[in-house]
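Heads up, the thing below is written out as C-alpha cells.
2 protein chains.
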Amino acid sequence: MKFRCRKDEFNNGINIAMKAIMGKTTMPALECFLIEAKDDKVYITSNDMQLGIRTLIPAEVEEGGIVLMNARNLSGVISKMLDDRIEFESDDNSTIMIFGGNRRHEEQGLPDDDFPRLPEIEFSQSVSISQFELKEMIRQTIFSISSKENNKILTGELFEVSGDELRIASLDLIRVSIRKTKLGSEYEKVKVVIPGKTLNEISKVMSNDADDMVDIYFSKNHVKFEFGDTVMISRLIEGNFFNIDQMLKNNYETKVTVNKNVFFNCIDSSTLYIRETDKNPVIFTMTDDNMKVEIKSSNSSMNEDVPITKEGKDLKIGLNPKYIMDVLKVIDDEDVNLYFFNANSPCFIKNEGESYIYLILPINI
Amino acid sequence: MKFRCRKDEFNNGINIAMKAIMGKTTMPALECFLIEAKDDKVYITSNDMQLGIRTLIPAEVEEGGIVLMNARNLSGVISKMLDDRIEFESDDNSTIMIFGGNRRHEEQGLPDDDFPRLPEIEFSQSVSISQFELKEMIRQTIFSISSKENNKILTGELFEVSGDELRIASLDLIRVSIRKTKLGSEYEKVKVVIPGKTLNEISKVMSNDADDMVDIYFSKNHVKFEFGDTVMISRLIEGNFFNIDQMLKNNYETKVTVNKNVFFNCIDSSTLYIRETDKNPVIFTMTDDNMKVEIKSSNSSMNEDVPITKEGKDLKIGLNPKYIMDVLKVIDDEDVNLYFFNANSPCFIKNEGESYIYLILPINI
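Those protein sequence lines, which keep their order, are chains A and B. Heads up: the first sequence runs through residues 74 to 438, numbered per our numbering. Heads up: the second sequence runs through residues 74 to 438, numbered per our numbering.
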C-alpha cells in the first residue's frame with residue numbers, strides 16, 4: 074500500500090476513528106486502526122466491539138492495500154509532523170513507513186486478519202436531523218443516565234421516533250431527563266436504547282453547524298449514524314425501557330419562575346458545605362415573590378433569599394442540590410420554571426412547549 | 074471581630090495565603106487561615122510548618138479580633154459570592170458569619186490558640202530583584218530538582234549571592250540547571266538552599282510585571298520574601314550543596330547551533346516510541362550542517378535529518394530525550410547552542426553570556 078495525503082485531513086480522520094479505540098486490552102488488534110487504500114480512497118476503521126467507526130480521508134493512492142497500525146502511535150506520529158504532506162507506505166510483511174519532511178518513522182504493523190470488521194446489517198428506515206441539534210439533545214439529557222452496570226438499560230438513552238417527533242430520555246430512578254424535537258418529515262415508530270458511551274463519542278465528532286445533517290438508521294440490534302465522510306455503527310442495549318409517559322402527570326399546585334444564573338449560583342454556594350457522604354437536602358421555602366434556600370451541616374449553615382415569581386400554593390420541599398445543578402447547567406433559557414404538587418412529589422423543571430422536561434424526586438425533610 | 078471589604082480583594086488575599094495551606098491533615102488548625110483585624114487592617118495568615126504566608130487586605134474594620142477559619146471553606150464562600158461587598162463577623166465563641174447580598178453563611182471557626190504563628194526572625198541583609206525575573210529564573214531551573222526525599226538537599230535550589238550576581242541552580246545527579254543575573258547593587262556573600270515547594274508556591278503569586286520588586290531576606294535557617302502586601306517565610310534546607318563550579322569545565326570539541334523549535338519537535342516525535350521502562354537513548358550523529366537524530370525500539374524506529382551549524386569535530390552521542398526537552402521548553406531563544414567534549418562527557422546547552430547553563434550526562438551507546 075502507498076498513499077499520500079494532507080496532514081490535517083489525516084489527523085482529522087484519526088481523531089474521529091480514535092473514538093472507538095479501546096484503552097489497554099489483551100487484543101492488540103483492538104488498539105489498532107484498519108487502514109485500507111482502494112479505488113483512490115483511504116478508509117480508517119476502528120471497532121471496540123460496541124461502537125464501530127469508518128471514516129474516509131482524501132488521498133492520492135499509488136498502490137492499494139490494507140494494514141493494521143496501533144492507533145495511538147499513528148495519532149502521535151501524524152500530529153507531531155511539521156510538514157503538511159504525509160506519505161504512508163506498507164509492505165507485504167505489514168511493515169509501515171511514514172514520511173514527512175526529513176523525518177521517517179518505521180513501525181511493525183499487523184496483518185488485518187485479526188481485526189473485527191464492522192457488521193453488515195440491513196437497516197430499515199433512517200431519520201434525518203441536524204448534527205448540532207442532536208448533540209444538544211444528547212448534552213441536555215445524558216447526565217442522568219446511570220453509571221451502574223447492574224441495570225444495563227439505564228446506562229443508555231431512549232431514542233423514540235413517533236410521527237414527526239424525536240424524543241430522547243434518560244433516567245436513573247431518582248430523576249428523568251427528556252428532550253423532544255420536531256423532525257422534518259413523518260416516520261414509522263422506533264423505540265430503541267442507545268448506549269451512553271456511543272452517544273458521548275458521537276457527540277464529540279459531530280459538527281457544530283446546524284445545517285450539517287446526520288442520518289440515523291435503525292435495525293433490531295444496531296443503530297448507524299452517517300454524516301460527512303463518517304459512518305458509526307453501535308450495538309443497541311436490549312430490554313424494555315421504563316414507561317416514561319406514566320411519570321409525566323401534569324398536575325401542579327405551585328409554579329415558580331426564577332432567574333437561572335442567580336438560582337444556580339445560590340445552590341452552587343450551598344453545596345460548599347455538603348460532603349458526598351452527608352446527604353443533606355437543600356430546603357426550599359416558597360412564599361410570594363421569595364424562595365428561601367437553606368442548608369445546614371454539622372457545624373455550618375447557609376441561607377439566601379432568592380426573588381421569584383410564584384403562582385399557586387406556598388410550599389416547603391427538600392431537594393438534592395447536585396441534581397438541580399445538573400439540570401440548570403444544560404438549560405439555555407434565562408429563566409426557568411419549577412412545578413410542584415406537594416413536598417413528596419417530584420419537582421418538574423420544564424419550558425412552555427415542553428421541548429425539555431426534567432423530573433427530580435424530593436428528599437424527605 | 075467585624076469588617077467589611079471588597080470581594081475581589083478578599084479573594085486575592087485568600088488565593089495568596091492558600092499556597093501555605095496543607096491538604097488533609099490531622100491538625101485542623103493547619104487547614105485554617107488565621108484572620109486578624111486590627112488598626113483598620115485585616116491580615117490573613119497561613120502556615121504549613123515549612124512555608125508561612127501573611128498578606129494584608131484592604132478593609133473597613135468595625136471591631137478588631139482574631140479567628141481561625143477553614144481555608145477551603147472561606148475560599149469557596151467568597152469566590153462564589155455574586156455581590157462585590159462582603160461583611161465578615163465572628164463572636165467570642167469563634168462563630169463566623171459572612172454576608173453578601175441576600176446570602177448569609179455561618180460556620181463554627183476555631184480559637185486562634187492552636188495556630189502556629191510565623192517565626193519572629195532577625196534577618197541580616199536583603200537582596201532586591203524584579204518579581205518577574207525571579208519567577209523566570211525559577212521556572213528555568215526548577216524542573217531538574219530531585220523529587221526523591223532521600224537526598225533532601227537536591228529537592229531544593231541553590232541561591233547564591235556573590236557581589237552583584239545572583240545564581241540559582243538545581244541538580245539531580247544526571248543534569249544541572251543554572252541561571253545567573255546581575256543585581257542592581259553589591260551584596261555580601263550568601264549561599265542557601267531553598268525548598269523547591271517554596272519556590273513553586275512563590276512563583277505562583279508573584280507579579281508578571283518586571284517593575285514590581287521583591288525583597289529577599291536571609292537568615293541562617295530561613296528566607297523571607299517581601300512583595301506588595303505579602304510576606305512569605307520559608308525554612309531553608311540544611312546541608313552543603315554540591316560544588317557546581319567544579320562541574321562547569323569549559324572545554325569543548327564540538328559546538329552545534331540548531332533551531333530550537335525544529336529540534337524540540339524532532340525529539341518530541343522520537344519519544345513516541347519510548348515507554349518509560351525502556352531507557353533507549355536518542356542517538357545524535359553530528360556531521361557538517363547535519364544532525365541525524367535516530368531512535369529505535371523493539372518494533373519501531375524513527376530518524377530525521379536536522380539542519381545545524383557545526384564547529385569542531387564530528388560526534389556521535391546518546392542522550393535522554395526527556396532531559397533535552399525539559400531544557401528546550403524553558404529556553405526563550407530561537408536558536409540554541411550545544412557544546413560537547415566527547416561521547417562520554419556531558420552535553421552543555423548555554424548561551425553566549427552564560428546567563429543560563431544546562432548540563433546533561435550522556436548515555437552509553
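We put the CB at the ideal spot given by N, CA and C, even for glycine. Predicted model, so just to flag it, every value in this text is computed and none were measured.
Work out the CA separation of residue j and residue i for me, nearest whole Å.
{"i": "B/GLU285", "j": "A/PHE357", "result": "In the sequence as displayed, the identity of residue 285 of chain B is Asp instead of Glu. Cα to Cα, the separation comes out at about 49 Å."}
{"i": "A/GLU206", "j": "B/ASN332", "result": "47 Å"}
{"i": "B/LYS75", "j": "B/GLU180", "result": "15 Å"}
{"i": "A/ALA242", "j": "A/VAL266", "result": "9 Å"}
{"i": "A/VAL355", "j": "A/ASN323", "result": "24 Å"}
{"i": "B/THR303", "j": "B/MET91", "result": "12 Å"}
{"i": "B/ASN120", "j": "A/ILE390", "result": "42 Å"}
{"i": "A/ILE211", "j": "A/GLY269", "result": "9 Å"}
{"i": "B/ILE422", "j": "A/LYS352", "result": "57 Å"}
{"i": "B/GLY45", "j": "B/GLY173", "result": "As displayed, chain B neither begins before 74 nor continues past 438, which places residue 45 of chain B out of reach and without an answer."}
{"i": "A/ILE202", "j": "A/ALA283", "result": "9 Å"}
{"i": "A/ILE340", "j": "A/VAL329", "result": "16 Å"}
{"i": "A/TYR346", "j": "A/GLU377", "result": "14 Å"}
{"i": "B/LEU231", "j": "A/LYS97", "result": "42 Å"}
{"i": "A/PHE83", "j": "A/LYS208", "result": "24 Å"}
{"i": "A/THR99", "j": "B/VAL403", "result": "39 Å"}
{"i": "A/THR228", "j": "B/VAL249", "result": "52 Å"}
{"i": "A/THR254", "j": "A/ILE430", "result": "12 Å"}
{"i": "B/ASP362", "j": "A/SER280", "result": "46 Å"}
{"i": "B/LEU141", "j": "B/MET122", "result": "16 Å"}
{"i": "B/ASP111", "j": "B/LEU147", "result": "Just to set this straight, residue 111 of chain B is Lys in the shown sequence, not Asp. Approximately 20 Å between the Cα atoms of the pair."}
{"i": "A/ILE306", "j": "A/VAL400", "result": "29 Å"}
{"i": "A/ARG176", "j": "B/MET320", "result": "35 Å"}
{"i": "A/ALA102", "j": "A/PRO189", "result": "8 Å"}
{"i": "A/ILE433", "j": "A/ASP288", "result": "32 Å"}
{"i": "B/SER199", "j": "B/LYS225", "result": "26 Å"}
{"i": "B/GLN204", "j": "A/GLY301", "result": "52 Å"}
{"i": "B/VAL234", "j": "B/ILE381", "result": "37 Å"}
For chain B, find out if any of its Cβ atoms is closer than 8 Å to the Cβ of residue i; answer yes or no.
{"i": "A/ASP378", "result": "yes"}
{"i": "A/LEU388", "result": "no"}
Got a sec: is the Cβ-Cβ distance from residue i to anything in chain A below 8 Å?
{"i": "B/ARG176", "result": "yes"}
{"i": "B/ASN338", "result": "yes"}
{"i": "B/ASN444", "result": "The structure shown does not extend to residue 444 of chain B, since chain B is modelled only from 74 to 438, so the question has no answer here."}
{"i": "B/ASN146", "result": "yes"}
So residue i contacts chain E; which residues on that side make the cut at Cβ distance below 8 Å?
{"i": "B/GLY149", "result": "Here the protein chains are A and B, and chain E is not one of them."}
Report yes if the C-beta of residue i is less than 7 Å from at least one heavy atom of the ligand ATP; otherwise report no.
{"i": "B/LYS114", "result": "Although the ligand ATP was asked about, the structure shown includes no ligands whatsoever."}
Discussion item. Count Cβ pairs between the segment 150-159 of chain A and the segment 77-90 of chain A that sit closer than 8 Å; are there 3 or more?
Written reply: yes
Worksheet entry | Sequence ranges, alpha helix (DSSP H) only - wholly within the segment 292-360 of chain A, length at least 4 | 333-343
Worksheet item: Counting pairs of beta carbons, one from the segment 219-226 of chain A and one from the segment 396-412 of chain A, are three or more of them closer than 8 Å?
Response: no
Worksheet entry | Contact residues within the segment 152-185 of chain B, judged by C-beta distance below 8 Å to chain A | LYS153, MET154, LEU155, GLY174, ASN175, ARG176, ARG177, HIS178, GLU179, GLU180 and GLN181
Discussion item. Please list, in chain order, the residues of the segment 355-386 of chain B that have any C-beta partner in chain A closer than 8 Å.
Written reply: ASN372, SER373, SER374, MET375, ASN376, GLU377, ASP378 and VAL379
Discussion item. Quick test of the definition: if touching needs 3 or more C-beta pairs under 8 Å, does the segment 311-318 of chain B touch the segment 369-389 of chain B?
Written reply: no
Worksheet item: So does the segment 261-275 of chain A actually touch the segment 211-218 of chain A, counting three or more Cβ pairs closer than 8 Å?
Response: yes
Worksheet item: Counting Cβ pairs closer than 8 Å, one from the segment 103-123 of chain B and one from the segment 256-264 of chain B, do we hit at least three?
Response: no
Discussion item. So within the segment 197-235 of chain A, which uninterrupted alpha helix (DSSP H) runs reach at least 4 residues, ignoring any that extend past its ends?
Written reply: 204-212
Worksheet item: Going along the chain, which unbroken runs of the alpha helix (DSSP H) with 4 or more residues stay wholly within the segment 250-283 of chain A?
Response: 269-278
Worksheet item: Fully enclosed by the segment 122-198 of chain A, which beta strand (DSSP E) runs are 3 residues long or longer?
Response: 124-130, 132-136, 138-143, 158-163, 168-173 and 176-181
Discussion item. Closer than 8 Å is the cut-off here; do at least three beta carbon pairs connect the segment 181-200 of chain B with the segment 290-300 of chain B?
Written reply: yes
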